[in-house]
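**Q** Handing you a structure now.
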Amino acid sequence: MPGRYFRPYAAKAIIEHEFAPGRLNIFVTFRFSMNQTVKPAHDLWLCEVDEVAKPVTVSVWQDSWTLKLGVPDIAVYPDRVTLEYDGPDENLKTTWEKQWEPWGPILSTDIGKAPVFVDRGDPAAYDYAKEDLTIDGAWHDMDLSGIVSEKAKAVFILGHVQGNGVDWKISFRKK
Numbered sequence: 001m002p003g004r005y006f007r008p009y010a011a012k013a014i015i016e017h018e019f020a021p022g023r024l025n026i027f028v029t030f031r032f033s034m035n036q037t038v039k040p041a042h043d044l045w046l047c048e049v050d051e052v053a054k055p056v057t058v059s060v061w062q063d064s065w066t067l068k069l070g071v072p073d074i075a076v077y078p079d080r081v082t083l084e085y086d087g088p089d090e091n092l093k094t095t096w097e098k099q100w101e102p103w104g105p106i107l108s109t110d111i112g113k114a115p116v117f118v119d120r121g122d123p124a125a126y127d128y129a130k131e132d133l134t135i136d137g138a139w140h141d142m143d144l145s146g147i148v149s150e151k152a153k154a155v156f157i158l159g160h161v162q163g164n165g166v167d168w169k170i171s172f173r174k175k
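Here the sequence shown stands for residues 1 to 175, numbered as in UniProt numbering.
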């Protein structure tokens, strides 16, 4: 039929990853239900972890939409993960036998759960004193690096201010 366009089945997948010490789990969630009886060869998955090519050595279907891939020898928590599919391949197809087309690098979403709470012991005790956070002990050039991870995206500080200052204020700025 002239003018009719069938969209290719490419780049219609969501790529997510989670770090586990020593390895990376990558989840490819397809838009359509996939044939779980076959899987493409591992070398068709082109994975880059922090701009370094890494081999996929394990793949297993989680359900008819999600394929879990395993990447070994990942020593540290990655900043950036991309996945590319170098198909098509007869072993990656929908339940109605349509082969999945290749796609270029897709940036993966980190679904790992980094700790957001650290138990510091007795809740009645202060976690830190101003001497722990400042160089001069007078709140000038406050430095949170001793208590906040460098990978933190946000910081919530609950403080107790003592003294008789009426117009005191605290301003935070990024160095």
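By construction, the Cβ of each residue, glycine as well, lies at the ideal position given by its N, Cα and C atoms.
Quick check on W45: buried or exposed, where buried means 16 or more other Cβ atoms within 10 Å of its Cβ?
**A** Per the 10 Å Cβ criterion, buried.
**Q** So V56 is in the beta strand (DSSP E); what residue range does that whole segment cover?
**A** Here V56 belongs to no beta strand (DSSP E), and DSSP marks it neither H nor E.
**Q** If you compare alpha carbons, which of D63, G112 and V81 is closest to V38?
**A** If we check each option's Cα against that of V38, D63 comes out closest.
**Q** Please state if the CB of I15 and the CB of T109 are separated by a distance shorter than 9 Å.
**A** Yes, they are a contact pair.
**Q** I need the straight-line Cα distance from M34 to P102, nearest angstrom please.
**A** Taking the straight line joining both Cα atoms gives about 15 Å.
**Q** In chain order, what residues of the same chain have a beta carbon less than 6 Å from the beta carbon of G148, not counting five sequence neighbours either side?
**A** Reading off the sequence, residue 148 comes out as Val, not Gly. Here the set comprises V155.
**Q** What is the DSSP secondary structure of D89, counted as helix, strand or coil?
**A** Residue state, collapsed to three classes: coil.
**Q** Tell me, which residues are paired with E18 by DSSP?
**A** For E18, which the question treats as bridged, DSSP gives the partners N25.
**Q** For the beta strand (DSSP E) that H96 lies in, which residues bound it at each end?
**A** Strictly speaking, residue 96 in this sequence is Trp, with His absent from that position. Element bounds for W96: n/a, residue is neither H nor E.
**Q** Give me the Cα-Cα distance between E97 and I106, rounded to the nearest whole angstrom.
**A** So the alpha carbons of these two residues sit roughly 24 Å apart.
**Q** Which residue or residues does DSSP assign as beta-bridge partners of I106?
**A** Beta-bridge pairing links I106 to L83.
**Q** By the DSSP assignment, the beta strand (DSSP E) with I74 in it spans what residues?
**A** T66 to I74 is the extent of the beta strand (DSSP E) around I74.
**Q** Work out the CA separation of D79 and Q144 for me, nearest whole Å.
**A** Per the sequence shown, residue 144 should be read as Leu rather than Gln. The alpha-carbon atoms of L144 and D79 are separated by roughly 21 Å.
**Q** Hey, could you find the ends of the beta strand (DSSP E) E48 is sitting in?
**A** W45 to V49 is the span of the beta strand (DSSP E), which, as asked, contains E48.
**Q** Exposed or buried, what is M1 when buried is set at 16 or more other beta-carbons lying within 10 Å of its beta-carbon?
**A** At M1 the pLDDT is 47, less than 50, meaning the model places this residue with poor confidence; the figure from the coordinates comes in the next sentence. Exposed is the call here.
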